[in-house]
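Numbering (the numbering used here), first residue to last: 8 to 370.
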């Protein structure tokens, strides 16, 4: 039992640190996932959950940092009993979330490991149940885990990790994720990722006499009733399925993905930061003079954006896009992207708005 306990100790500690680091790398993305949960719970459980949406970013950083801090505290075995009870409370909470997502099919990606590792709801739930069992075992076998440091050193290390974790999350929020796991990361070609990497294959789920059967080809026997069609190789499907750009004149997706484009993404006008538009406007003007067409993408209504663009003096044609897609493209509002025939050549938070020389150097 001693060796099982030590294996669980190492596994749980490392996994919590890894999970926390992945999420705190992209606190805005984690906050978006929390908002998704709050919206679902507000419909199914209580509308009070909507009151938590304004605190989503705070909770994103806090919970991610807590995972890292508790993981480190576990590994150095500082205040082991208290740490294990806190880990148990956290994993019970996560297990509830993942079970709810899986059973009711409400949130199809739990965001357990951000965009780095995608798990199905049932995979996420299974992972949490395994962790739950491990933590319970650790609570009953903690006598095999003696402290590795003095209480003073343990407290100091834990406090430093807490400060560092929060600092990492806040810096990522004020700039961009340190490591980009999204389909729109620098170097990716958007038109290529909008196509499947290989022909998709499907299986057909049919029902006959109350029993389900699977077929690789649609059965000719008319006594079967069709239930659903499931992709056998979904990993070969398009990585980007919902990138569309339009205005009142029609679809402009292909135009945006052609030539050199400086994209200014404004998720919405209500929450858009106004502080750096002097620099953005200077870049927009200079880009137009250098043959790099500036284009604004927004999910705001036409009336809202007209008011906004006059407020910040943003002189560039604008098009509409889905709000979720725009948030996926860049974790900044506003944010800037440089495209060359659909390939992402550069990406900037509005706090890091580049000069024209930097932009030209990427083309």
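Every residue gets a Cβ at the ideal spot worked out from N, C-alpha and C, and that includes glycine.
- Per DSSP, the continuous alpha helix (DSSP H) segment holding residue 165 begins and ends at 158-181.
- Taking every protein chain shown into account, the CB of residue 356 has 16 or more other CB atoms within 10 angstroms, so this residue is buried.
- When beta bridges are read from the DSSP output, residue 213 appears opposite 220 and 233.
- Here the alpha carbons of residue 45 and residue 57 stand approximately 6 Å from one another.
- Contact between residue 83 and residue 164 is confirmed by a C-beta separation of about 6 Å, below the 8 Å threshold.
- For residue 267, the closest C-alpha among the options 55, 234 and 366 is that of 366.
- Among the bridge pairs identified by DSSP, residue 258 is matched with 253.
- Relative to the Cα of residue 341, the nearest Cα in the group 148, 287, 326 and 297 belongs to 287.
- Rounded to the nearest whole angstrom, the CA to CA distance from residue 347 to residue 29 is 29 Å.
- Taking residue 180 as reference, the option from 250, 36, 74 and 100 with the minimal CA-CA separation is 36.
- A check of alpha carbon separations from residue 306 across 136, 352, 253 and 291 identifies 253 as the nearest.
- The beta carbons of residue 42 and residue 63 sit closer together than 9 Å.
- Straight-line measurement puts the Cα of residue 334 at about 17 Å from the Cα of residue 312.
- Counting of Cβ neighbours within 10 angstroms places residue 326 among the buried residues, the total reaching 16 or more.
- Between the beta-carbon of residue 249 and that of residue 203 there is about 15 Å, and that puts the pair past the 8 Å contact cut.
- With respect to residue 211, residue 223 sits close: the two C-beta atoms are nearer than 9 Å.
- The residue from 157, 67, 369 and 89 with its alpha-carbon nearest to that of residue 149 is 89.
- Annotation for residue 354: no alpha helix (DSSP H) segment contains it, though the beta strand (DSSP E) segment containing it runs 350-356.
- Residue 267 is bridged by DSSP to 347.
- Using a C-beta cut-off of 8 Å, the region 89-102 makes contact with the region 65-77, since at least three inter-stretch Cβ pairs fall below that distance.
- Rounded to the nearest angstrom, the Cβ distance from residue 272 to residue 304 is 5 Å, consistent with a contact under 8 Å.
- Straight across, the Cα-Cα distance linking residue 247 with residue 16 is about 39 Å.
- Using a 10 angstroms sphere on the CB of residue 283, the tally of other CB atoms reaches 16 or more, which defines it as buried.
- The secondary-structure analysis by DSSP pairs residue 203 with nothing; it has no beta-bridge partner.
- Beta-bridge analysis with DSSP links residue 38 to no other residue.
- Closest by C-alpha distance to residue 65, out of 309, 173, 296 and 48, is 173.
- With a 10 Å radius around the Cβ and a threshold of 16 neighbouring Cβ atoms, residue 100 comes out exposed.
- A distance of 9 Å or more separates the beta carbons of residue 251 and residue 330.
- Distance between residue 260 and residue 25, taken at the CA atoms: about 37 Å.
- Within the DSSP secondary-structure output, residue 77 pairs in no beta bridge.
- Relative to residue 61, the option among 39, 70, 349 and 324 whose CA is nearest is 39.
- Cβ neighbours of residue 281 within its own chain (closer than 8 Å, five residues either side excluded): 318 and 319.
- Residue state for residue 295 is assigned as helix, using DSSP reduced to three classes.
- In the three-state reduction of the DSSP assignment, residue 61 falls in the helix class.
- The bridge partners DSSP lists for residue 342 are 272 and 356.
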